[in-house]
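Inspection log for the structure reproduced underneath, given as structure tokens.
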Amino acid sequence: MLPTRPTHPFPSRPARRPRTGAASVLLGTAALLLLPALSPSLAVAAQSVTLDQGTFRITVDGREAGTENFTIRRSGAGEAAQVIATAEIQMEVPEGRADIRPALQAAGSDMAVSAYQVKISGAIQEEVYVTLGERRFLTTVRSERGEREREFRAAPGTLLLDPGVAHQYYFLATRVGDSGATFPVISPREGRQFDLQVTVVGTESITIGGTSVQARHLRLEGEGGTRELWVNGEGRVLRLEHADAGYVAVRQAAP
Numbered sequence: 155m156l157p158t159r160p161t162h163p164f165p166s167r168p169a170r171r172p173r174t175g176a177a178s179v180l181l182g183t184a185a186l187l188l189l190p191a192l193s194p195s196l197a198v199a200a201q202s203v204t205l206d207q208g209t210f211r212i213t214v215d216g217r218e219a220g221t222e223n224f225t226i227r228r229s230g231a232g233e234a235a236q237v238i239a240t241a242e243i244q245m246e247v248p249e250g251r252a253d254i255r256p257a258l259q260a261a262g263s264d265m266a267v268s269a270y271q272v273k274i275s276g277a278i279q280e281e282v283y284v285t286l287g288e289r290r291f292l293t294t295v296r297s298e299r300g301e302r303e304r305e306f307r308a309a310p311g312t313l314l315l316d317p318g319v320a321h322q323y324y325f326l327a328t329r330v331g332d333s334g335a336t337f338p339v340i341s342p343r344e345g346r347q348f349d350l351q352v353t354v355v356g357t358e359s360i361t362i363g364g365t366s367v368q369a370r371h372l373r374l375e376g377e378g379g380t381r382e383l384w385v386n387g388e389g390r391v392l393r394l395e396h397a398d399a400g401y402v403a404v405r406q407a408a409p
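Residue 216 in our numbering is what sits at position 62 of the sequence shown, and the numbering runs on without skipping anything.
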């Protein structure tokens, strides 16, 4: 049985901080960068390749909580590659039912994050924008509580991992070698930056959609507690457990 969680995967937000003129410009840039993510017809343009897509079933504290339908697509190749990862997440939160729509843009052969946004409606009303500037990420959070901004150092290899969004761990799994790795991570909605140490536990057999599949088991340790992640040979996420939040996401069908 999972332990009682200290916080929900979608915690409430702190109070307002004024927005600067420079931030307004960056937010406009972010919106332009993520147009392909918000317009499916653009995201599936010519020469686009689907890296992964599927549906996760979400439970919180052992109870059914919702689903995450996601798609990760790439256009171009090598340093000219552009990757767009989008999802529609329907999830029960303490306030009620929430609709969460994240969109992440990455670039280059290493899929480095270049922009991000997430819009939440329903029981929670919130928008988060992340833009990459010179050696820094600027995050802006807008909610019924107001607006706040924060800057984070853009360390090489930085990952964006929002709570309750399972498919984003694809960008981590595809970078982990046999000896594990340590990554700088930004959690945009939580307003945190920390290092995440990844250990390769081994290869295990798990059940996905009634089928037994071989999975690579990764253990992720850092701020917010330990996460257990199972992926296939291409880094596609099969199962994610975050015991401290009582959160489990399991893929409904093997990729």
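Glycine included, each C-beta is placed from N, C-alpha and C at the ideal position.
Backbone secondary structure at residue i - three-state DSSP
i: Glu233; result: helix
i: Gln322; result: helix
i: Ala269; result: strand
i: Asp332; result: coil
i: Asp398; result: helix
i: Ala408; result: coil
i: Ala308; result: coil
i: Ala327; result: helix
i: Asp215; result: coil
i: Leu392; result: strand
i: Ala239; result: strand
i: Ile278; result: coil
i: Asp349; result: strand
i: Asn386; result: coil
i: Met155; result: For Met155, the pLDDT reaches just 37, beneath the cut-off of 50, and the residue's location in the model is therefore unreliable, leaving the point undetermined.
i: Leu314; result: strand
i: Gly287; result: coil
i: Arg343; result: coil
i: Glu259; result: At residue 259 the sequence reads Gln, which differs from the Glu that was named. DSSP places Gln259 in strand when its eight states are reduced to three.
i: Gln207; result: strand
Identity of the residue in the options nearest residue i by Cα
i: Leu313; options: Ile340, Gly334 and Thr294; result: Ile340
i: Glu218; options: Val352, Val402, Ala408 and Ala277; result: Val402
i: Gln279; options: Glu298, Ala235 and Leu392; result: Glu298
i: Ser333; options: Leu392, Ser366, His371 and Phe348; result: His371
i: Arg304; options: Gly331, Gln347 and Ala241; result: Gln347
i: Val391; options: Val203, Ser202, Glu222 and Gln201; result: Glu222
i: Arg302; options: Thr294, Ala309 and Thr204; result: Thr294
i: Phe224; options: Ala239, Gly230 and Gly232; result: Ala239
i: Arg296; options: Arg289, Glu281, Gly287 and Ala257; result: Glu281
Rounded straight-line distance, which links the Cα of residue j to that of residue i
i: Phe291; j: Asp206; result: 26 Å
i: Arg228; j: Thr328; result: 14 Å
i: Ala320; j: Glu358; result: 19 Å
i: Arg171; j: Gly300; result: With a pLDDT of 40 at Arg171, under the threshold of 50, the predicted position of this residue should be treated as unreliable, though the coordinate-derived value follows. In a straight line, the C-alpha of Arg171 is about 7 Å away from that of Gly300.
i: Thr336; j: Leu350; result: 6 Å
i: Thr380; j: Arg343; result: 19 Å
i: Ala184; j: Arg307; result: Interpretation of Ala184 is limited by its pLDDT of 42, a score under 50 that renders its predicted location unreliable; the figure taken from the coordinates is listed afterwards. Approximately 18 Å, taken between the alpha carbons.
i: Asp398; j: Gly378; result: 7 Å
i: Asp253; j: Gln271; result: 14 Å
i: Gly318; j: Ala235; result: 27 Å
i: Gly345; j: Leu326; result: 19 Å
i: Ser366; j: Ala241; result: 26 Å
i: Ala277; j: Gly220; result: 14 Å
i: Ser202; j: Val385; result: 23 Å
Quick check: the stretch 243 to 254 against the stretch 212 to 227, are at least 3 beta-carbon pairs closer than 8 Å?
At 8 Å Cβ cutoff, the stretches touch.
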